[in-house]
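**Q** The listed protein sequences derive, respectively, from chains C and S.
Just add 124 to wherever you are in the first sequence, counting from 1, and you've got this note's numbering.
Just add 15 to wherever you are in the second sequence, counting from 1, and you've got this note's numbering.
One structure follows; several queries about it will come next.
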Amino acid sequence: MSSEGAVEALGEGVWRISQALPGLGLVFNCYLLEGQYSWCLVDAGPASVGGGLVRALSGVIKPSDIGTIILLDDSPFAHSALPAWRKAGFHGVVIADLRVAKALGQSGFGSDLRWINDIESRVFPGDRRELKILRPARPTGRFFLFKESGAFLFSGQPGSSLPVPGSGTELGGQLRFRDQWGYGAGPALKDRIPAIGLLCPRFGSTLPPELAVPALKLADDADAPASVTTPAAISGSPHVITPDAAGIPGSCDTPDSRDYELKEIMITSIDSALRDPVSGMYTRTYADSFIHSLLLKGSDFSAAFVRIDRIKDLNRRIGAGEVDVLLGDFAKILSEIETEGFLFRWTGPAFLLILEGEGPSIFRRLEILLKAIAEEKRFAIPITASVAIVRSSELGDDALPQLQALSRERLKLLERRGGNAILDRSDPVFDERPFVMVMDADSLFLDYLVESFTREGFHAIGAARGGRALELMDETRPELVIVDRSLPQFDAFQIRTRMKASSDLHDIPFILLTLGKNDEMVIQAHSLDIYHVFEKPVSIVELIGIAKSLLSRSEDGA
Amino acid sequence: MAPDTIFLLGVLILFFAIDLVVFISILLIKWHSRRTFKRARVRMLRINRYILEADLAGLGREYAIEPLTLLAHIRHLREFTTLGSASEEAVCAFLASRDLASLAAGLLRSPWLHRRIQGYLILGLSRGQGIQKRLLAALGRERRSLGRIVCLSQVAKQGEIPDFPTLIACLEKGAPSRRSREIMTLTALATMLHEWFDSTDLPTGEAALALYLMTVNARPVAADWERLAGLALERSDGIGEGAAALLSERFPAKRFIEAFRDRPELRFRLPMARLLGQTLAPSSLDELDPWFSDPAIREAGIAAAGEVLRYHPGSDSVFLSFIGTDSDSPRASALSRALEYRLPALLYHAALPIDPRLRSMIRHLLDQDRAGILVEVLSDMPPTGLRLVFLDFLREELSSRPRAASFLSRHLDTELRAALALGPPEPEEDRSNIPVKTWDKVYLAFLVLAGLAFFPAYFAISRSNELPWLSPAEILYRFLFDFQFAFAYYTLAINGIYLLLLLFSTLRIGSEARLWESDLTRILAGPGILPTISLVVPAYNEEANIVESVNSLLSLSYPSYEIIVVNDGSSDATMHALIKAFGLEPAGSGADGILPSMPVRTVYRSPSLPRLRVVDKANGGKADALNAGLNRATGDYFCSIDADSILDPQSLIRAMFQVVASDRDIIAIGGNIFPVNGCLVEHGHLQEIRIPQEPLARFQTIEYLRSFVGGRLGWTLVDGLLIISGAFGLFRRNAVMEVGGYLTGKGAWRRQTVGEDMEIVVRLSRKDREEGRHGKVEYAYNANCWTEVPEKTRAFWKQRDRWQRGLMEVLAMHRGMAFRPRYGAPGMISMPYFLVFEHIGPWLETMGYLVLIVAVIFNLIDAFIPIVIFGIALAFGILISIASVLLAERQIIYFRPREFLMILSIAIVENFGYRQVTSMGRVVSSFMFFFVDRGWGKSHRKGFKTAGAAPAGGAAAPADAFAAAVPAVAAAPAAQGATAGGAGS
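Structure below.
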């Protein structure tokens, strides 16, 4: 029962701060990773500890110097200390389990939040460090392995976030993790942890300190000799901190259990809201912040947008419900084939696969992926997919919008080329022929219009029925549409309303043809942002002129 | 075998053979037409290329293959687009190089209208004085109105000064009733004609004067004032009216008012009132006094006051001060009427004590039987001191006004009745709830008995010499033996009639389709040629889909129509949804029409959609709502549409094409009804036609196809069509107004019926013949409406019960028409047909089947003949069904091959049970009609549709969902509310 905190250097710029857990008779450890510009704190601890920790460290480094706090637990217990940190001046990034992060976001915690949520994922706390997090697929189990320049830092309890006596010994000795429920990670885990450098339990101090030393040395042997640096702010080690006795239990209230339950419910619902119900993958919102974190870190990656080809056609053939099932299967099979990258559901039939690195190897890998999809027998009907690659080096300052624009453009191009292909650059040939879609119920006139436009160097297609026109528009993304007022199935105004509601089609220029023009109709057209209304008989020359002008204008705007 | 047996067997075999032949030829025709269509399209694409490339040689080759389609295609393209200078030059050069005139000359002499039209259109392709001469010469010969319109449109297209005297001489030859249409085709020449009229004395012919009015309408100049004023003062006919209207519309209002202020004629008075309303300041309302005191123009004066109020919305208090306190002046009562719709607002802002002028206004309203607005006011009034005072005031006033008191007691709830010291609502003694009197029933029952007794009597007479010598068993045997043959001939007769109708339909559809294929839409779409249409959409609790329906109706492709939505006192937010979606603004309660209907609260207009109006009225049932809509309709034709029906965007123009093409006055025109069940509908538009899933609805699909396409067109050929479906039918508004609108139990016809839509057609035809006119009930074979049919058995039976009941009510009410040559084909053919085959027929059929089945079961006769009879009915049924599908798909393919085959199989299956059971159902309905006195109006007084039950909650409320779902082949969905809002029972 010690209320003292101890700071000790573990090497590689890793510092351990031990703190007694009041009332539990256990020592809680958290780790401080030294960085060139900012520090990273692994596990801020529960409120009962954290408050003391803040005080303990505040004499050593300023909380505002801590750039990142990584939370290792998914219970509210784990982040109950954060407000204290925040109060003390911490303004960095919090990397936490998704549920925790979402709960924090909901509770109005103002920091930048990042998520950890895969079975195996990496965290980038800054300073080009990479921490690898391993979690056995168990309902409550959490344990984390931090890889840092070839060395690993292990922390946590397999099985539970509560301390289990003796686990550290086993952990250090045989790399077999056992808890009171008899759970073992088995040899597979051993394979996944090739070189244990630094293993640090979250609770207690049963891990023999000498274990850390040889491992560290091992790492030293493998790599270039790492210099053991001492955090500049902490002179001398181990450094003993004696916290203000009055501050530890009193400064932060222990959250009561009802509060936990409430939060649990809230957190669970938030998590499921983030996941796409069809594929079970996280959606674009999450993907955006993931990419954002990658960009912050400055790492090289390739964003591969994998999309099922001709999804509209599939929708028509087998129905939307069946397509949803197909999408679910596709997501599952995709994650089976491609185990290394990070998968997200992008939009509609498109999935985002984030792969490390750039270059031809990625291209080859994706070729294999496409081949595997095309040969896959488990789908309800055979499907193919297309991949649009955007490399991180293509992105400039405005990275996320650029990524979206590039991916949209490339996917659109792939669609027009028929699919089952990979594209990693924008096609210069693509924009040469402006793409016009004409809709008119009179098929004879429609044919004539299409023919006239084709002769004037447009790429023109026609549709005689409104329903078909909408489908075609979704599939082919024309650059200009010319629509007759009265079409079967959908009239021009309904088509326009739908276009305006669609994020992809709302800015396509629109020309309205009509048999009789009257004020009422023109006013209605204007209310839908249609400013080009032509009365039949319309002059082809005029129509083509306006089309050219509209297209050049929309190019300027882009 | 008896010769009869051999004959029947022969018929059976013959008909199955015909079935087979028809079926195979249908497949061949379909295959062939698909191929022709593809080839034609390839050819058109080729022609397009030649035109765009200005390839004269290519066009020449195409001309050599088939000149007519090439020319038609060129004309078609020119209607939609100007070809561009190079192409246009080439086309003109090409047309000039061919001898179009001689090609057309052959066509112009053709006895077929569509050929002549082709000839006019070909002549119209080229230019020149000679062409115009030919056209005018042809116009002199042309007798058909459509031909004249097309010919004139081609004259106008020439864009050159025509030979005026000849042109006017030709116009004078045309039928006066079609003249305005013919003249409107010349709008393009208006400026030129105007110059010509300027340069000469005004002719005296009717047609010439009408033509002159048209040119002034297009381009009036100050000099026209004198001529028009002369015409307006001298002539009291249509020309005079037109001139007066032009004077009021095309010249400054002040000038018109000054010049004609004291003219007593209505043609000056009515526009004068309107102009005064627009120009008067509220402070000079007494200018309208002369209008208020003359009963002939009082309504016009009130409308003018309404205009003043519309132009000066804040002038309520000025109006009130003119109404004054206790004056009995006609002005006060008229201004009260004009201010009526502002009453809720006035009371809302009123302070205690109530303004005596407001009291006076309410007294005036009560004196004029305008208590309807009070129902609204009282129901919405918050329980404040004002309400108590107001109720006291009303109680006092009502004590001396028994009529208003009895009206309010019918429409207010118990609590308000008590507060106003009103007695319980008196039953409306003049409402004959069931229009059928005992004598009618006796008449109809007698017919049934006579029909049933016909064969036994015939049997007794024909076998009179042997009957006394036979034992009862032998008599029974002989009877059954003869009966089966009699029944067989009855079956042959009824199917023969169907077949005949089908044949007539085929004949008519051929000529109609060829006319439609002449592709005249662009010519007809010109101003003033197609009649204007008022779509009346009765809506009761349609909150969920009313906005979508109206939107879909707004996008119909028809040049001139208005939509009048009648909110029939919905208890849900229908009105609110409409106001929100279309930004409606109240525009007064509108003039009261002549047709009886429940009180109208407010008429709304949309500032951005002038063609939309919404009438908000107290609940009164569908017929009542239609009457309220009719009172405010302005179109030449009026069309009733259920809010949940889907109109084909082309349906109006197709129906009205028939009106323009016909040389007779069309008093009503119906279209096809197809079941929408199973079809894909999105945003009020039909996306995909499919066959319903429910077996019952499937049977109805084929039944509708047969009865609409196969039957009704045939009836029009003999001029005997008497049924137009309530879901989609167009009527001449004047004619409907003349006969007093729909039957609601009020007004001139103190009757109501469950079969209002058949009834109104019969009444229209009857009136037309009685007035010695020669109007026609027409049917548009290609104008489609899609509506819900009942899928649940109970709803289905209710619907059929109402059809049969409606039919019998009509037969009873109009029994004076049957067998009277005065009523022409409807009296001599249609009514007898209904009596024999629709009224007595089901009884005969049911009896026949029962007798034969019993006889076969007891082994009294051989099963052979009954089977042959059934086989014949089957073969006929299949034939008629197949041919109906073929006719329906003459121009548009509705069904995909798989569905087509499914329809054919349904056509076979329905003969095993469905037809027999529906026939028996009709017997049951007839029986109930005779012996069970059910007040339909009472059981469904909530209106013609139950809250939201229609498409959505059909399963939950089948009993009422039917009302919405009834397309009514024979009768309309209409269980009228006997009184409003269900409050007065």
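Virtual Cβ for every residue (Gly too), placed ideally from N, Cα, C.
Values in this document were obtained by computation on a predicted structure and should not be read as measured data.
Nearest to S:Met-287 by CA position, among S:Ala-268, S:Pro-297, S:Asp-301, is which residue?
**A** The residue given as residue 287 of chain S occupies position 272 in the second sequence. Nearest option by C-alpha distance: S:Ala-268.
**Q** Relative to the C-alpha of C:Ala-220, which residue among C:Phe-559, C:Ala-212, C:Leu-165 is closest?
**A** Start at 1 with the first residue of the first sequence, and residue 220 of chain C comes out as number 96. Looking at the Cα atoms, C:Leu-165 is the closest of the given residues.
**Q** Suppose you measure from the CA of S:Gly-257 to the CA of S:Arg-250; what does that come to, to the nearest Å?
**A** For the purposes of this step, residue 257 of chain S is taken as residue 242 along the second sequence, with counting starting at 1. For the purposes of this step, residue 250 of chain S is taken as residue 235 along the second sequence, with counting starting at 1. Using only the alpha carbons, I get a separation of about 10 Å.
**Q** Closest Cβ-Cβ distance between S:Glu-94 and chain C: below 8 Å?
**A** Position 79 of the second sequence holds residue 94 of chain S. Output row for S:Glu-94: interface = yes.
**Q** Can you list the beta strand (DSSP E) stretches of 3 or more residues lying completely in the segment 503-547 of chain C, in chain order?
**A** For the segment 503-547 of chain C, whole beta strand (DSSP E) runs of length 3 or above, ordered along the chain, are 509-515.
**Q** Once you ignore the five residues that flank S:Pro-439 on each side, which residues in its own chain have a CB closer than 6 Å to its CB?
**A** Within the second sequence, residue 439 of chain S is the residue found at index 424, counting from 1. If we look at S:Pro-439 and ignore the five residues flanking it on each side, it has no Cβ neighbours.
**Q** Give the residues from the segment 620-652 of chain S that approach chain C closer than 8 Å (Cβ to any Cβ), ordered along the chain.
**A** Within the segment 620-652 of chain S, the qualifying residues are Ser-623, Leu-624, Pro-625, Arg-626.
**Q** Mind checking S:Asn-874: buried by the 16 CB within 10 Å criterion, or exposed?
**A** Walking along the second sequence from the start, residue 874 of chain S turns up at place 859. Flag for S:Asn-874 reads exposed.
**Q** Among S:Gly-543, S:Val-924, S:Cys-166, S:Arg-284, which residue has its Cα nearest to the Cα of S:Ile-312?
**A** Locating residue 312 of chain S in the second sequence gives position 297, counting from the first residue. Among S:Gly-543, S:Val-924, S:Cys-166, S:Arg-284, the Cα nearest to that of S:Ile-312 belongs to S:Arg-284.
**Q** Quick one: is C:Leu-639 near chain S, going by C-beta distance under 8 Å?
**A** As a first step, residue 639 of chain C must be located in the first sequence, where it is residue number 515. Judged by the 8 Å Cβ criterion, C:Leu-639 is in contact with chain S.
**Q** Using a C-beta cutoff of 8 Å, does C:Ile-606 count as contacting chain S?
**A** Taking the first sequence and counting its residues from 1, the one referred to as residue 606 of chain C is at position 482. With 8 Å as the cut-off, C:Ile-606 does not count as an interface residue toward chain S.
**Q** Might you give, ordered along the chain, the residues of its own chain that have their beta carbon closer than 6 Å to the beta carbon of S:Gln-708, omitting 5 neighbours on each side?
**A** Within the second sequence, numbered from 1, the residue matching residue 708 of chain S stands at position 693. If we look at S:Gln-708 and ignore the five residues flanking it on each side, its Cβ neighbours are Gly-693.
**Q** Which residue marks the beginning of the alpha helix (DSSP H) containing C:Lys-624, and which one marks its end?
**A** Here the question's residue 624 of chain C lines up with position 500 in the first sequence. Unbroken alpha helix (DSSP H) run through C:Lys-624: 616-625.
**Q** Using the rule of at least 16 other Cβ atoms within 10 Å of the residue's Cβ for burial, across every protein chain shown, is S:Asn-749 buried or exposed?
**A** Counted from its first residue, the second sequence places residue 749 of chain S at position 734. Exposed: under 16 other Cβ atoms inside 10 Å.
**Q** Could you tell me if S:Gly-744 is buried or exposed, where buried requires 16 or more neighbouring beta carbons within 10 angstroms of its beta carbon?
**A** Taking the second sequence and counting its residues from 1, the one referred to as residue 744 of chain S is at position 729. Classification for S:Gly-744: buried.
**Q** Applying a beta-carbon distance threshold of less than 7 Å, which residues of chain C neighbour S:Gly-99?
**A** Taking the second sequence and counting its residues from 1, one reaches residue 99 of chain S at position 84. Going along chain C in sequence order, the residues near S:Gly-99 (Cβ under 7 Å) are Ile-664, Val-665.
**Q** May I have a chain-ordered list of the beta strand (DSSP E) segments no shorter than 3 residues that lie completely inside the segment 526-613 of chain S?
**A** Runs of the beta strand (DSSP E) inside the segment 526-613 of chain S: 548-554, 576-583.
**Q** Under 8 Å: do the segment 724-743 of chain S and the segment 612-625 of chain C share three or more Cβ pairs, one atom per stretch?
**A** Contact fails: fewer than three Cβ-Cβ distances are below 8 Å.
**Q** Kindly indicate which residue of C:Ser-426, C:Lys-211, C:Asp-631, C:Thr-621 has the alpha-carbon position closest to the one of C:Arg-488.
**A** In the first sequence, residue 488 of chain C corresponds to position 364, counting from 1. Comparing Cα-Cα distances from C:Arg-488 to each of C:Ser-426, C:Lys-211, C:Asp-631, C:Thr-621, the minimum goes to C:Ser-426.
**Q** Based on the DSSP secondary-structure assignment, which residues constitute the bridge partners of S:Lys-791?
**A** Taking the second sequence and counting its residues from 1, one reaches residue 791 of chain S at position 776. Its beta-bridge partners are S:Ile-681.
**Q** S:His-129: buried (16+ other C-beta within 10 angstroms of its C-beta) or exposed?
**A** As a position in the second sequence, residue 129 of chain S is number 114, starting the count at 1. S:His-129 should be labelled buried.
**Q** Just how far apart, CA to CA, sit C:Phe-577 and S:Tyr-652?
**A** One-based indexing of the first sequence puts residue 577 of chain C at position 453. One-based indexing of the second sequence puts residue 652 of chain S at position 637. Going by the C-alpha atoms only, they are around 42 Å apart.
**Q** Okay, do the segment 918-927 of chain S and the segment 709-717 of chain S touch, 3+ Cβ pairs below 8 Å being the bar?
**A** Output reads yes: the segment 709-717 of chain S touches the segment 918-927 of chain S.
**Q** Whole-angstrom Cβ separation of S:Val-463 and S:Ile-855, contact assumed at under 8 Å?
**A** Within the second sequence, the letter at position 448 stands for residue 463 of chain S. Within the second sequence, the letter at position 840 stands for residue 855 of chain S. So it is a contact: roughly 6 Å between Cβ atoms.
**Q** In whole angstroms, what is the alpha-carbon distance linking S:Phe-470 and S:Gly-831?
**A** Translated into positions along the second sequence, residue 470 of chain S becomes position 455. Translated into positions along the second sequence, residue 831 of chain S becomes position 816. Approximately 26 Å, taken between the alpha carbons.
**Q** Under a Cβ-count criterion, where at least 16 other Cβ atoms within 10 Å of its own Cβ denotes burial, should C:Trp-683 be classed as buried or exposed?
**A** Since the displayed chain C opens at 125 and closes at 682, residue 683 of chain C lies outside it and no answer follows.
**Q** Out of S:Gly-644, S:Glu-718, S:Ser-623, S:Ser-612, point me to the one whose CA is closest to S:Ala-635's CA.
**A** In the second sequence, counting from the first residue as 1, residue 635 of chain S sits at position 620. According to the sequence provided, residue 635 of chain S is Gly. The question's Ala does not apply to it. The residue with the shortest Cα to Cα distance from S:Gly-635 is S:Ser-612.
**Q** Quick check on the DSSP output: the beta strand (DSSP E) that includes S:Gln-702 runs from which residue to which?
**A** Locating residue 702 of chain S in the second sequence gives position 687, counting from the first residue. Start and end: 700-703.
**Q** Taking Cβ positions, are S:Ser-526 and S:Leu-545 nearer each other than 8 Å?
**A** Here residue 526 of chain S is taken as the residue at index 511 of the second sequence, counted from 1. Here residue 545 of chain S is taken as the residue at index 530 of the second sequence, counted from 1. No; because the gap between Cβ atoms is not below 8 Å, this pair is not in contact.
**Q** Pick helix, strand or coil for C:Thr-354, following the three-state DSSP scheme.
**A** In the first sequence, residue 354 of chain C corresponds to position 230, counting from 1. In this prediction, C:Thr-354 has a pLDDT of 28, which is less than 50 and means its spatial position is unreliable; nothing more can be read from the coordinates.
**Q** Leaving out the 5 sequence neighbours to the left and right, which residues in its chain are closer than 6 Å to C:Asp-400 when beta-carbon positions are compared?
**A** Looking up residue 400 of chain C in the first sequence gives position 276. Once the five neighbours on either side are set aside, the close Cβ partners of C:Asp-400 are Thr-407, Arg-469.
**Q** How would you label C:Pro-349, buried or exposed, when you count the other beta carbons within 10 angstroms and need 16 or more for buried?
**A** For this step, residue 349 of chain C is matched to residue 225 along the first sequence. Confidence at C:Pro-349 is low in this model, with a pLDDT of 31, below 50, so its placement is unreliable and the value that follows should be read with caution. When all chains shown are included, C:Pro-349 counts as exposed.
**Q** Which bits of chain S does C:Gly-591 rub up against, with CB to CB less than 9 Å?
**A** Working through the first sequence from its first residue, we reach residue 591 of chain C at position 467. Ordered by position in chain S, the residues that pass the 9 Å Cβ test against C:Gly-591 are Leu-695, Glu-697, His-700, Gln-702, Glu-703.
**Q** Interface residues of chain S around C:Asp-598 at Cβ under 8 Å?
**A** Numbered from 1 along the first sequence, position 474 holds the residue referred to as residue 598 of chain C. Residues of chain S passing the Cβ test: none, with the nearest at roughly 15 Å.
**Q** With a Cβ-Cβ cutoff of 8 Å, do S:Ala-633 and S:Ile-579 count as a contact?
**A** Along the second sequence, read from residue 1 onward, the residue named residue 633 of chain S stands at position 618. Along the second sequence, read from residue 1 onward, the residue named residue 579 of chain S stands at position 564. No. Outside cutoff.
**Q** Using only the alpha-carbon positions, how far apart do S:Leu-437 and S:Leu-431 sit?
**A** Sequence index remark: in the second sequence, residue 437 of chain S carries index 422 (1-based). Sequence index remark: in the second sequence, residue 431 of chain S carries index 416 (1-based). If you take the alpha carbons of S:Leu-437 and S:Leu-431, they lie about 8 Å apart.
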